[in-house]
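> Numbering (the numbering used here), first residue to last: 334 to 623.
I'd like to ask you about the structure that follows.
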């Protein structure tokens, strides 16, 4: 029996929220707690020593390769996020402000078409496009712009950035579009009636009001890309590996799950710190504009 001071509506709300809470706890908190606990253990091939230790974190701090991979991962994720959001904003703006309401659903449908195919298929298609004898090199050779195939567009960081930017483009377009749709058009008309040009209206009214969508797009793109290991594995070559590839290697190839768990925790902390810093700077920027 519930206490008498809890009403029937509150009881119903508790029951409704209880199922999602337990679901999130089992699928998010418990695995995360297990990874955190595992990071303080050690493993010798198949034997796991559950003695509490900081040896994994000491090894990460002492080995420069982990710092290099983490730095490269943050750099790649930052570039991918910047490129994706910068290219996504004009698309979302065009669909929101220049496409007839009756055709917006068609445009959104076209934007989501890449999700119809497997992520691996899209990655392999980019290998065909960027390959030594791929579409880009063949076209440039046919036109006569280059004398030999370009080698810097595949099996390196550049290929990883291009592939990830394409893969996560819809994730950036949709949240920006949703926020742009909510902007009251009368505010833009009032700004122009007061003498502002379309250019200044965009930077003084539209862009600040759309920043929640931009922030959402940045977080949606930045957080998953730093944990992606399929694209660096297939497109990065020896010089395009990221921290996720090292984590996968520790778990599945070197049988050192505790060190892999420690790397995952370190990467997670770094991503959280960068995301919080971005949100904080965005709030300060919005306050300064007021």
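Don't be surprised by glycine CBs; every beta carbon is placed ideally from N, CA and C.
In terms of residues, what are the limits of the alpha helix (DSSP H) holding residue 376?
First-last for residue 376: 375-377, but that is the beta strand (DSSP E), not the alpha helix (DSSP H).
> From residue 488 to residue 573, what does the alpha carbon distance come to, in whole angstroms?
Each residue's alpha carbon lies about 7 Å from the other.
> Can you give me the Cβ contacts of residue 481 inside the same chain, cut-off strictly under 7 Å, excluding the 5 residues immediately before and after it?
Answer for residue 481: no residue qualifies.
> Leaving out the 5 sequence neighbours to the left and right, which residues in its chain are closer than 6 Å to residue 584 when beta-carbon positions are compared?
Taken in chain order, the residues that qualify are 590 and 593.
> So, are the CB atoms of residue 350 and residue 598 less than 8 Å apart?
In this structure, residue 598 does not lie closer than 8 Å to residue 350 by Cβ.
> In this structure, how does DSSP classify residue 382 when only helix, strand and coil are distinguished?
Three-state result, residue 382: strand.
> So, is residue 571 buried or exposed, given that buried needs 16 or more other C-beta atoms within 10 angstroms?
When all chains shown are included, residue 571 counts as exposed.
> Would the segment 398-412 and the segment 546-562 be scored as touching if the rule is three or more Cβ pairs under 8 Å?
A contact exists between the segment 398-412 and the segment 546-562.
> For residue 595, collect the residues of the same chain with a Cβ closer than 7 Å to its Cβ; drop the 5 residues on either side in sequence, then sort them by chain order.
Within the same chain, residue 595 has close Cβ partners 372, 389, 390 and 393.
> What first and last residue would you give for the alpha helix (DSSP H) that runs through residue 517?
Per DSSP, residue 517 belongs to no alpha helix (DSSP H) and is neither H nor E.
> Classify residue 312 as helix, strand or coil using the three-state DSSP reduction.
The structure shown does not extend to residue 312, since the chain is modelled only from 334 through 623, so no value can be given for it.
> Can you list, in chain order, the residues of its chain whose CB lies under 8 Å from that of residue 441, leaving out five sequence neighbours each side?
Around residue 441: 428, 507 and 510.
> Which first and last residues belong to the alpha helix (DSSP H) in which residue 440 is found?
Residue 440 -> alpha helix (DSSP H) spans 434-444.
> With a cut-off of 8 Å on the beta carbons, I'd call residue 568 and residue 615 a contact; round off their distance for me.
Residue 568 to residue 615, Cβ: 31 Å. No contact.
> Can you tell me whether residue 617 is buried or exposed? The criterion is at least 16 other CB atoms within 10 Å of its CB, across all chains shown.
It counts as exposed.
> Got a sec, what are the start and stop residues for the alpha helix (DSSP H) residue 562 sits in?
Residue 562 -> no alpha helix (DSSP H), and no H or E assigned at all.
> If you draw a straight line from the alpha carbon of residue 402 to that of residue 445, how long is it in whole angstroms?
Each residue's Cα considered, the two are about 32 Å apart.
> Look at residue 512 and residue 464 and say whether their C-beta atoms are less than 8 Å apart.
No. Outside cutoff.
> Which residue wins for smallest C-alpha separation from residue 501, given the options 364, 347 and 564?
Closest by alpha carbon: 564.
> Below 8 Å on the Cβ atoms is my guess for residue 418 versus residue 612; work out the distance and round it to an integer in Å.
With a Cβ gap of about 15 Å, residue 418 and residue 612 do not count as contacting.
> Rounded to the nearest angstrom, what separates residue 581 and residue 378 at their Cα positions?
Going by the C-alpha atoms only, they are around 16 Å apart.
> Scan the segment 525-586 and note each continuous alpha helix (DSSP H) run of 4 residues or more that stays entirely inside, going in chain order.
Complete alpha helix (DSSP H) runs here, min 4: 531-534, 540-559 and 576-585.
> Please report how far the alpha carbon of residue 609 lies from the alpha carbon of residue 493, in whole angstroms.
Whole-angstrom Cα-Cα distance: 25 Å.
> Near residue 335, what residues of its chain come up, given a Cβ to Cβ distance below 7 Å and the 5 sequence neighbours on each side ignored?
Confidence at residue 335 is low in this model, with a pLDDT of 46, below 50, so the placement of that residue is unreliable and no value is reported for it.
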